Structures are given as C-alpha cells and as structure tokens.
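In the working numbering, the protein residues as written are 37 to 177.
Step one of this worksheet: look at the structure below.
Pasting the structure below:
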C-alpha cells in the first residue's frame, strides 16, 4: 500500500491537524497563565476556583501533544489520527449538545477541525488503497 501522505488528502490532513494543534495551544497556554483574563476576554462565565479553567487548559495541551505523532507519520500512527478526529467530534458533541449556550463557541471551534480532518483522512485512506490496487484515484470514491 502507498503511504497516506503520498496523496494530497493525507498531506492536507496533516496540515489541518497541525493548525488545530496550534489553535489549541493558542487557547490553552494563555488560559494556563491568566485564566481569569481569558474567561473575561472570551465572555465565558466566571469560574471559581480558577484552578478548573487552568486544569482544562493543561488537559487541552496534553490532548494536543497526543495528536502530534499523526502529524509526523500518518501511516505509523493512523490509529492516533482516527483518535484525533474522534476527539474533535467528542468536543463538538460535548460543548454543543450538553453545555449551556455560552460554551457553544468551543464546540464550533472543534467542528471547524472535525469536518475537514474526517473528510481528508477518509480520502487519504481511499486514495492509498486505490493506488495499492492499481486503480486510478477516482475509483476510490
């Protein structure tokens, strides 16, 4: 089978994944350093104690670190790529489906990455399988 990142969809998946990691860091690191200020800037309700938003920031950093292997070697860490897509979906469901409206923006943030990541990962896998079978890329649709 050919490598997933030999195909445009695989390369684009990795790019979107890395942009998502950068976006997560852009939200999480300031929340670790100044949680009260970040809550005020984002318009989220105040939290007490501030330990909880800081802890959420820490967990987001750790989650993002676990996405990174798929961004480096998509074939070797294909399962991690699927877990990254699943984690984005879980964020969408959690924040849009089960939290007050004030927090839906976080679900929309995950949705922006979930949709292209899911589409691109599926497209990369299909293109790789088609190439391995000797079929043209269009046959994998």
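We treat Cβ as the ideally placed atom computed from N, Cα and C, and that holds for glycine.
Source: prediction; values computed, not measured.
Boundaries (first-last residue) of the alpha helix (DSSP H) holding residue i
i, result
"residue 97", "87–108"
"residue 139", "Taken as a continuous stretch (DSSP letters only), residue 139 belongs to no alpha helix (DSSP H), as it is neither H nor E."
"residue 49", "44–69"
"residue 119", "114–128"
Beta-carbon proximity check, residue i vs residue j, cutoff 7 Å
i, j, result
"residue 148", "residue 103", "no"
"residue 131", "residue 142", "yes"
"residue 123", "residue 116", "no"
"residue 109", "residue 40", "no"
"residue 150", "residue 125", "yes"
"residue 49", "residue 160", "yes"
Span separating the alpha-carbon of residue i from that of residue j
i, j, result
"residue 94", "residue 63", "10 Å"
"residue 162", "residue 43", "10 Å"
Among the options, the one whose alpha carbon lies nearest that of residue i
i, options, result
"residue 82", "139, 42, 152 and 167", "139"
"residue 87", "101, 168 and 71", "71"
"residue 99", "65, 76 and 69", "65"
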